[in-house]
Amino acid sequence: MSRYAPSETEPKWQAAWGKAGVFTARRDPAREKYYVLEMFPYPSGRIHMGHVRNYTMGDVVARYKMSCGFSVLHPMGWDAFGMPAENAAMEKGGHPKEWTYGNIADMKEQMRPLGFSLDWTREFATCDPEYYGQQQAMFIDMLDAGLVYRKNAVVNWDPVDMTVLANEQVIDGKGWRSGAPVERKELTQWFFKISEFAGELLDALDGLKDWPEKVRLMQANWIGKSRGLQFAFDLVGAPEGFDTLEVYTTRPDTLMGASFAGISPDHPMAKALEAADPKIAAFVAECRKGGTTEEAIETAEKLGFDTGIRVRHPLDPTWELPVYIANFILMDYGTGAIFGCPAHDQRDFEFATKYGLTINPVFEPVEGDYPAGEAYVPMKSEPLRYVRGFAGAATQTGDEGVATAIAECEKRGFGQGVTKFRLRDWGLSRQRYWGCPIPVVHCEACGVVPEKKENLPVQLPDDVTFDRPGNPLDRHPTWRECTCPCCGAPAKRETDTMDTFVDSSWYYARFTSPRANTPTVPEDADYWMNVDQYIGGIEHAILHLLYSRFFARAMQKTGHLPAKAIEPFNALFTQGMVTHEIYLTRDASGRPVYHLPEEIEDGKVKATGETVEIIPSAKMSKSKKNVVDPMNIIADFGADTARWFVMSDSPPERDVEWTAAGAEAASKHLARVWRIANDIAASDDAENGEDAALLKAAHKAIDEVTRSIDGFAFNKAVAKLYEITNTLAKSKAGSAAKRDAMKIMAQLMGPMVPHLAEDIWALLGGEGFVVSAAWPKADPALLTEDSVVLPIQINGKRRSELSVPKDMAKDEVEKLVLADEAVVKALAGGQPKKLIVVPGRIVNVVI
RNA sequence: GCGGGCGUGGCGAAAUGGUAGACGCAUGGGACUUAAACUCCCUUGGGGGCAACCCCGUACCGGUUCGAGUCCGGUCGCCCGCACCA
Numbered sequence: 002m003s004r005y006a007p008s009e010t011e012p013k014w015q016a017a018w019g020k021a022g023v024f025t026a027r028r029d030p031a032r033e034k035y036y037v038l039e040m041f042p043y044p045s046g047r048i049h050m051g052h053v054r055n056y057t058m059g060d061v062v063a064r065y066k067m068s069c070g071f072s073v074l075h076p077m078g079w080d081a082f083g084m085p086a087e088n089a090a091m092e093k094g095g096h097p098k099e100w101t102y103g104n105i106a107d108m109k110e111q112m113r114p115l116g117f118s119l120d121w122t123r124e125f126a127t128c129d130p131e132y133y134g135q136q137q138a139m140f141i142d143m144l145d146a147g148l149v150y151r152k153n154a155v156v157n158w159d160p161v162d163m164t165v166l167a168n169e170q171v172i173d174g175k176g177w178r179s180g181a182p183v184e185r186k187e188l189t190q191w192f193f194k195i196s197e198f199a200g201e202l203l204d205a206l207d208g209l210k211d212w213p214e215k216v217r218l219m220q221a222n223w224i225g226k227s228r229g230l231q232f233a234f235d236l237v238g239a240p241e242g243f244d245t246l247e248v249y250t251t252r253p254d255t256l257m258g259a260s261f262a263g264i265s266p267d268h269p270m271a272k273a274l275e276a277a278d279p280k281i282a283a284f285v286a287e288c289r290k291g292g293t294t295e296e297a298i299e300t301a302e303k304l305g306f307d308t309g310i311r312v313r314h315p316l317d318p319t320w321e322l323p324v325y326i327a328n329f330i331l332m333d334y335g336t337g338a339i340f341g342c343p344a345h346d347q348r349d350f351e352f353a354t355k356y357g358l359t360i361n362p363v364f365e366p367v368e369g370d371y372p373a374g375e376a377y378v379p380m381k382s383e384p385l386r387y388v389r390g391f392a393g394a395a396t397q398t399g400d401e402g403v404a405t406a407i408a409e410c411e412k413r414g415f416g417q418g419v420t421k422f423r424l425r426d427w428g429l430s431r432q433r434y435w436g437c438p439i440p441v442v443h444c445e446a447c448g449v450v451p452e453k454k455e456n457l458p459v460q461l462p463d464d465v466t467f468d469r470p471g472n473p474l475d476r477h478p479t480w481r482e483c484t485c486p487c488c489g490a491p492a493k494r495e496t497d498t499m500d501t502f503v504d505s506s507w508y509y510a511r512f513t514s515p516r517a518n519t520p521t522v523p524e525d526a527d528y529w530m531n532v533d534q535y536i537g538g539i540e541h542a543i544l545h546l547l548y549s550r551f552f553a554r555a556m557q558k559t560g561h562l563p564a565k566a567i568e569p570f571n572a573l574f575t576q577g578m579v580t581h582e583i584y585l586t587r588d589a590s591g592r593p594v595y596h597l598p599e600e601i602e603d604g605k606v607k608a609t610g611e612t613v614e615i616i617p618s619a620k621m622s623k624s625k626k627n628v629v630d631p632m633n634i635i636a637d638f639g640a641d642t643a644r645w646f647v648m649s650d651s652p653p654e655r656d657v658e659w660t661a662a663g664a665e666a667a668s669k670h671l672a673r674v675w676r677i678a679n680d681i682a683a684s685d686d687a688e689n690g691e692d693a694a695l696l697k698a699a700h701k702a703i704d705e706v707t708r709s710i711d712g713f714a715f716n717k718a719v720a721k722l723y724e725i726t727n728t729l730a731k732s733k734a735g736s737a738a739k740r741d742a743m744k745i746m747a748q749l750m751g752p753m754v755p756h757l758a759e760d761i762w763a764l765l766g767g768e769g770f771v772v773s774a775a776w777p778k779a780d781p782a783l784l785t786e787d788s789v790v791l792p793i794q795i796n797g798k799r800r801s802e803l804s805v806p807k808d809m810a811k812d813e814v815e816k817l818v819l820a821d822e823a824v825v826k827a828l829a830g831g832q833p834k835k836l837i838v839v840p841g842r843i844v845n846v847v848i
């Protein structure tokens, strides 16, 4: 018998599948379709274990569904625009286009040997003009539909390089190349009106039953619906044109605890003050330092500036509050102005303490004490005693307090209850080259007008340079020059490109008709949409998935998707990372020196013999060198081993640690299965021992593996396959029974280790490809046991057990329990207080 | 700072509120072999007992329940996201 040799058999089966075209998706109205999609990769140049894990999961689902008779769509493409390509051009020279397409070719070559059931005929990259041209067409349709508009927004500005920085390029508040402190700067930018869909995007989350609860919760919090009061303070001593100050609060019940009002440094009144007062200008400039991320703003030291302006308290016009400009107030949320209640908001408390403002408690806990040295921030459902309330009962919960306060304010004629969302509109403009050009033209006479559709795609010019910071499109000698689509006069193109999230917000729809000269084709979209199963990383829980949900709605409004695709992903699965230990030694000055896993043996660096420090289980990253190249694993063990390993052990939603020992073990197991299959194929003895037991075990395996795959519990499916392997290895059944069991096993293993499964299938005389064979069905009659062992607990502790027929009546069981030796002894002649019999599960005797 | 998640043997883990540790790795012992590799068999949460068996144990503290790894409240630790990374 020959040894199991994946390096020979794997390419053989891949070629055979390819020749037969088994993975080419075809619109087949006679069959039910199934669309499985893994989040497409960024073409960095190398695939990593995270890709292997993600695509293996998708492949398991795709192959399983094929066997179940579905017409399966399982496509692959490239999320190909983005900054790394420009960075590479700046650092190493070359062109982003060459770099990207070169990487795509490399990565495709690395993916092929893994044997994924992908339909490569549908492949595209988002940087293909055929793709981004259709995206531009949709942009124009969305502009026509009023879903896109322009407004000012802040960006990170590097004052030395004179360029816009991505958040990622801001390190500790400084530009990553220049090292200069970053400033916030306003630019006119394009926005998608995602906020118009806020309520709908929130409400529709309830219907996404097959999405992880945590993702739905994160999205709900991100959309951030709140009910509050919006009202106007009368201003005293404000600049010309500012009579009132609109504020929004979710805690109007704390109005009697107000001790100051605050406005954002970007508030129109702050801007008016800034122009007039150099001290205020200096303060506002201070506030504008640092990056634009919410994290940077929230964690920055709280700064305030007393403007000298006062507001009158709406409940008592003689009561005046100071107006501060404060760096923690966001112009994007609410009205960009707040009132501060230090007694019941921790941030206001710290602000008031810092600037010596009064702290007036409005309520106190019904139970327990008012906390000292911090704000008392109750839960919404917590009952409160209002000591300075102005509406409703003295004791109510926070939620009730808010509702009655809103009603009271409306009654008294100031302010009204409003619902607001935290969700902001999606700014899509990027001042970068390697992205989809925004297809608009700036005309002196006509203003900003969309390009004509027949002129699409607006293609990126190839002759650009990256020797300086900034957007090469801006300094291209001729690219901007064009004629106005309206009046025909000379005009200039927009040089901003689109956020790469736009590219990934509709690629799933494009896969249904990837070569069409419209964004989608109705019959194809109608047949293939929605994505039945989407699989990717949890890091996309909010942005990518929310943007895609918005885009599906926008595409529907503009006629590019059918109504049923309003939620594009029926089911979502978020997988964990592949981690690895980090190995490091220290140089003379104590700085860490990282080592690749293959340089280590027995906790020592092979070359030098130095003992390494080990940091357990960290995300694989090049800089820490804790990476394992899938290509090396495939070379050493074959693709099936890599696939088997990433599916074993850890549940797919959790991180899995790659270990050399684990890979070896996976390889050994597959070789063992191969040996057992060969033994069976070679044996012709007809001795018949326990065929029934083996058959039963095989059907139990069918049942459990099927349920595990359906439930995305691949690790349990693998465990079950280990069990049935052991059962089969030890079985004394006749060869025909073993052959049948082994064929079932090959089918069950097929989705995970397709090459080995095809080998075994062929070896044992299976017809056609195992991937094309119908998924086995478990016979329910073979799944039940005649008797069960009931554990007997006494006061909740297991003390004995009882073997009874499966469906024995409850009172029969009780009789047997009371006769049990351990129970008799424990009762010592008395009667139990309670006797709990859970049929088929457990008995508890309470004494 | 805000939002979300996770925490079970030496390790990865399993367990519709019902016998905690299935399955795998790694130990330790044995078989095969001149020897090794490969392979096969047995053992393995901690402690106590000659044994039957008993006690402890799911990050920590508390609660609900006949019964809690699982549900509720709090604490600690780690991880992810925070709108221009993809």
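Numbering of the first sequence is given in the working numbering, commencing with residue 2 and proceeding in unit increments.
Cβ atoms here follow ideal geometry from the backbone N, Cα and C, with glycine treated the same way.
These numbers were taken from a predicted model, which means no experiment stands behind them.
Please identify the residue among Met77, Trp212, Thr496 and Ile795 whose C-alpha is closest to the C-alpha of Tyr508.
Nearest in C-alpha terms to Tyr508, of all of Met77, Trp212, Thr496 and Ile795, is Met77.
Are the segment 634–643 and the segment 5–17 touching by the rule of at least three beta carbon pairs closer than 8 Å?
Yes, the segment 634–643 touches the segment 5–17.
For Thr496 versus Leu461, is the C-beta spacing smaller than 8 Å?
Against a cut-off of 8 Å, the Cβ pair of Leu461 and Thr496 comes out as no contact.
Per DSSP, Ser227 forms a beta bridge with which residues?
Per DSSP, Lys421.
First through last residue of the alpha helix (DSSP H) which encompasses Phe261
That residue, Phe261, is in no alpha helix (DSSP H); its beta strand (DSSP E) goes Phe261 to Ile264.
Met2 to Trp675 span [Cα, whole Å]:
For Met2, the predicted structure reports a pLDDT of 49, less than 50, and the residue's modelled location is therefore unreliable. The matter cannot be settled from this model.
Reduced DSSP secondary structure (H/G/I, E/B, other) of Phe71:
Coil, per DSSP.
What alpha helix (DSSP H) runs, 4 residues minimum, are completely inside the segment 690–728?
As far as the segment 690–728 is concerned, its whole alpha helix (DSSP H) runs of at least 4 residues are 692–711.
Exposure label - Val237; buried when at least 16 CB within 10 Å
Residue environment analysis places Val237 among the exposed positions, since fewer than 16 neighbouring C-beta atoms fall within 10 angstroms of its C-beta.
To which residues does DSSP link Asn88 through a beta bridge?
DSSP, once it has assigned bridges, lists no residue as partnering Asn88.
Express the C-alpha separation of Gly83 and Thr498 in angstroms, rounding to a whole number.
The alpha-carbon separation between Thr498 and Gly83 amounts to approximately 10 Å.
Buried versus exposed, by CB contacts within 10 Å (16 or more), Pro491:
Under a 10 Å Cβ-count criterion, Pro491 is classified as exposed, with fewer than 16 other Cβ atoms of the shown protein chains found around its own Cβ.
Where does Phe391 sit, in a helix, a strand or coil, going by DSSP?
DSSP places Phe391 outside both helix and strand once states are collapsed to three, so it counts as coil.
Give the straight-line distance between the Cα atoms of Val149 and Trp645, rounded to the nearest whole angstrom.
Using only the alpha carbons, I get a separation of about 47 Å.
Taking DSSP's pairing of strands, which residues face Ala619 in a bridge?
His581, per the DSSP bridge assignment.
Where Ile848 sits in the DSSP three-state scheme:
Of the three classes helix, strand and coil, the one that applies to Ile848 here is coil, per DSSP.
Test item: CB-CB of Trp223 and Leu546 under 8 Å
Their beta carbons are not under 8 Å apart, which means Trp223 does not touch Leu546 by this criterion.
Would Val594 pass as a contact of Glu600 if the rule is Cβ separation under 8 Å?
Not closer than 8 Å, so no.
Quick check on the DSSP output: the beta strand (DSSP E) that includes Phe770 runs from which residue to which?
The continuous stretches of beta strand (DSSP E) do not include Phe770, and DSSP gives it neither H nor E.
Flag this pair as yes or no: are the beta carbons of Asn472 and Tyr434 separated by less than 8 Å?
One thing to note: Asn472 has its Cβ within 8 Å of the Cβ of Tyr434.
Inside the segment 228–315 only - beta strand (DSSP E) runs reaching at least 3 residues:
If only uninterrupted beta strand (DSSP E) runs of at least 3 residues are considered, those enclosed by the segment 228–315 are 245–250, 261–264 and 305–314.
In terms of DSSP beta bridges, what is Ile745 paired with?
DSSP, once it has assigned bridges, lists no residue as partnering Ile745.
Three-state class that DSSP yields for Ser505 in the structure shown
Three-state DSSP puts Ser505 in coil, outside helix and strand.
What does the Cβ neighbour count give for Met556, buried or exposed, with the cut at 16 atoms within 10 Å?
Under this definition Met556 is a buried residue.
For Ser801, which three-state DSSP category applies?
Strand.
Just curious, the beta strand (DSSP E) that Thr189 is in, first and last residue?
For Thr189, the enclosing beta strand (DSSP E) begins and ends at Glu184 to Phe193.
Drop a sphere of 10 angstroms on the beta-carbon of Tyr723, count the other beta-carbons inside from all chains shown, and report buried for 16 or more, exposed for fewer.
By the neighbour-count rule (16 or more Cβ atoms within 10 Å), Tyr723 is not buried but exposed.
Kindly indicate which three-state DSSP category His477 falls into: helix, strand or coil?
Shown here, His477 sits in coil according to DSSP, grouped into three states, outside any helix or strand.
With 16 as the cutoff for other CB atoms within 10 Å, does Lys412 come out buried or exposed?
Classification for Lys412: exposed.
Three-state class that DSSP yields for Ile439 in the structure shown
In the three-state reduction of the DSSP assignment, Ile439 falls in the coil class.
Element boundaries [beta strand (DSSP E), containing Leu144]:
Careful: Leu144 lies outside any beta strand (DSSP E), inside the alpha helix (DSSP H) at Pro130 to Asp145.
Where do the N-terminal and C-terminal ends of the beta strand (DSSP E) with Leu791 fall, by residue?
Boundaries of the beta strand (DSSP E) around Leu791: Ser788 to Ile795.
Do you know how far the Cα of Phe422 is from the Cα of Ile745?
Distance between the alpha carbons of Ile745 and Phe422: 54 Å.
Determine the DSSP secondary structure at Met809, reduced to helix, strand or coil.
Met809 carries a coil assignment under DSSP once its states are collapsed to helix, strand and coil.
Going by alpha carbons, who is nearest to Ala221 out of Thr420, Ala199 and Thr575?
Taking the Cα of Ala221 as reference, the smallest distance to any Cα among Thr420, Ala199 and Thr575 is reached at Ala199.
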